[in-house]
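Position one of the sequence shown corresponds to residue 6 (the working numbering), numbered consecutively onward.
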Amino acid sequence: MIKKALLALAIAGSMAAAQATTVVNEGFDNVFDLASKGWIVTNASTPGGTDKGFTQGFDGSGITALSGASTSYAGASYSSGADGGTLADWLITPIFSTTAGVIVTFYVNAAELAGYSDAIKYGFIDAAGTLNDALLTSLSTVTTGQWTQITAVLGYTAGSGRFAIEYTGAVDASNYVGIDNLTVQVPEPTSIAILAAGLIGLGAARRRQKRG
Numbered sequence: 006m007i008k009k010a011l012l013a014l015a016i017a018g019s020m021a022a023a024q025a026t027t028v029v030n031e032g033f034d035n036v037f038d039l040a041s042k043g044w045i046v047t048n049a050s051t052p053g054g055t056d057k058g059f060t061q062g063f064d065g066s067g068i069t070a071l072s073g074a075s076t077s078y079a080g081a082s083y084s085s086g087a088d089g090g091t092l093a094d095w096l097i098t099p100i101f102s103t104t105a106g107v108i109v110t111f112y113v114n115a116a117e118l119a120g121y122s123d124a125i126k127y128g129f130i131d132a133a134g135t136l137n138d139a140l141l142t143s144l145s146t147v148t149t150g151q152w153t154q155i156t157a158v159l160g161y162t163a164g165s166g167r168f169a170i171e172y173t174g175a176v177d178a179s180n181y182v183g184i185d186n187l188t189v190q191v192p193e194p195t196s197i198a199i200l201a202a203g204l205i206g207l208g209a210a211r212r213r214q215k216r217g
C-alpha cells in the first residue's frame, strides 16, 4: 500500500510541475521599458561610475543576445563603478506570489577579455525590493563567450517577493556581463490541490500500515 501511495505522490508531483503559470517572461528587447513593467533597475556601486547600471546590450560588446535582435539582453559593465570601487548593479523582477513556490530561470554571459572576470549574485528578496546582498547566492565567475542557464527554486513561502540579480565584484577586475531570457513560473492552484491530495493519501496509507 505504501508503495502505491508513493507512486501516486510521484505522479502528482510531476503533474504539478507540468501545470505551472509563467508570470514573468522577459527577453530584454527594451531594457529602458522595464520600470513600466514593475522591474527595478538600480546601481548601488560604491563609488558610482559613469553608467547607471544594467542597460540595453550593444553591438561590439562581445556578447550577442541568446534570441531576438543581437542587442536584446540586459548588459552591465565595469563603468557602473569608479576605479578602486566595488560593483553593485541590481536587476530586480516585478513582484510575484511565493505561496505556491517559484521557479526562476535565466541566462548569463560575460565578454571575454584577458585579465578580467565577471561575477554575479542572484536570489529571492522581499516584495519591497530591499537590496539585501546577504540573501543572494554567489556565482563567483561567469563563463565567457557563451550563455549559461541558471535555475533558482523557492519553496512554499507565504506572501510575495521578487527575484534579484546583482552584478558584483571589484571594478578594476571586471569587464562586461549580460543577462537574457528570464522567466518566473509558479504552480497553478490545481497543482497545489493535486499535491495536497497525494500527501493526504500517503498519510492515510502510513496509518493503515501501523494499524496492521
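Every residue, glycine too, gets a C-beta built ideally from N, C-alpha and C.
Practice item. Classify residue 114 as buried or exposed, calling it buried when 16 or more other Cβ atoms lie within 10 Å of its own Cβ. Key: Along the sequence shown, read from residue 1 onward, the residue named residue 114 stands at position 109. By the neighbour-count rule (16 or more Cβ atoms within 10 Å), residue 114 is buried.
Practice item. Return the residue from the list 86, 150, 145 that minimises the CA-CA distance to residue 117. Key: Here residue 117 refers to the residue found at position 112 of the sequence shown. Nearest of 86, 150, 145 to residue 117, Cα basis: 150.
Practice item. Output the boundary residues of the beta strand (DSSP E) element that contains residue 30. Key: Translated into the one-based positions of the sequence shown, residue 30 becomes position 25. It spans 25-31 - the beta strand (DSSP E) in which residue 30 sits, taken as one unbroken run.
**Study point:** As assigned by DSSP and simplified to three states, the class of residue 79
**Key:** Taking the sequence shown and counting its residues from 1, one reaches residue 79 at position 74. Strand at residue 79.
Practice item. Would you grab the beta carbon distance between residue 125 and residue 144 for me? Rounded to a whole angstrom, and I think it's under 8 angstroms. Key: Locating residue 125 in the sequence shown gives position 120, where the first residue counts as 1. Locating residue 144 in the sequence shown gives position 139, where the first residue counts as 1. So it is a contact: roughly 5 angstroms between Cβ atoms.
Point to revise | residue 158 classed as buried or exposed, judged by whether at least 16 other C-beta atoms fall within 10 angstroms | key: In the sequence shown, counting from the first residue as 1, residue 158 sits at position 153. Burial check for residue 158: the Cβ neighbour count within 10 Å stays below 16, so the residue is exposed.
Exercise for review: Quick one: residues in its chain with C-beta nearer than 7 angstroms to the C-beta of residue 30, no 5 flanking neighbours on either side, listed in chain order?
Suggested key: For this step, residue 30 is matched to residue 25 along the sequence shown. Hits under 7 angstroms: 188.
Check your understanding: Hey, how far is the Cα of residue 101 from the Cα of residue 51?
Key -> Walking along the sequence shown from the start, residue 101 turns up at place 96. Walking along the sequence shown from the start, residue 51 turns up at place 46. Spanning the two alpha carbons is a distance of roughly 29 angstroms.
**Study point:** Identified DSSP bridge partners for residue 156
**Key:** Here residue 156 corresponds to residue number 151 of the sequence shown, with the count starting at 1. Partner(s): 110.
Practice item. Take every Cβ of the region 66-77, pair it with every Cβ of the region 169-187, and state whether three or more of those distances are shorter than 8 angstroms. Key: yes
Check your understanding: Just curious, the beta strand (DSSP E) that residue 47 is in, first and last residue?
Key -> Locating residue 47 in the sequence shown gives position 42, where the first residue counts as 1. 45-48 is the extent of the beta strand (DSSP E) around residue 47.
Point to revise | Residue from 166, 174, 193 with nearest C-alpha to residue 272 | key: The chain is shown from 6 up to 217; residue 272 falls before or after that span and cannot be answered.
Check your understanding: In three-state terms, what does DSSP make of residue 126?
Key -> For the purposes of this step, residue 126 is taken as residue 121 along the sequence shown, with counting starting at 1. Strand, per DSSP.
Point to revise | Chain-order list of residues whose beta-carbon lies under 6 angstroms from that of residue 54 (same chain, five-residue window excluded) | key: By 1-based counting over the sequence shown, the position of residue 54 is 49. So the list reads 84, 85, 86, 87, once near-sequence residues are dropped.
Review point. Rounded to the nearest angstrom, how far is the Cβ of residue 106 from that of residue 172, given a contact under 8 angstroms?
Key: Locating residue 106 in the sequence shown gives position 101, where the first residue counts as 1. Locating residue 172 in the sequence shown gives position 167, where the first residue counts as 1. Between residue 172 and residue 106 the Cβ distance is about 27 angstroms, and since that is not below 8 angstroms, they are no contact.
Point to revise | residue 94, buried or exposed, once every other Cβ within 10 Å from all chains shown has been counted against 16 | key: Translated into positions along the sequence shown, residue 94 becomes position 89. Around the beta carbon of residue 94, a 10 Å sphere encloses 16 or more other beta carbons of the protein chains shown; the residue is thus reported as buried.
Practice item. Using three-state DSSP, classify residue 147 as helix, strand or coil. Key: Working through the sequence shown from its first residue, we reach residue 147 at position 142. Residue 147 falls in the coil class under three-state DSSP.
Practice item. Would you grab the beta carbon distance between residue 270 and residue 97 for me? Rounded to a whole angstrom, and I think it's under 8 angstroms. Key: The question about residue 270 has no answer here: the residues shown for the chain are numbered 6 through 217.
Check your understanding: Does the distance from the CB of residue 185 to the CB of residue 33 come in under 8 angstroms?
Key -> Stepping through the sequence shown from its first residue, residue 185 is reached at position 180. Stepping through the sequence shown from its first residue, residue 33 is reached at position 28. Contact flag set, yes.
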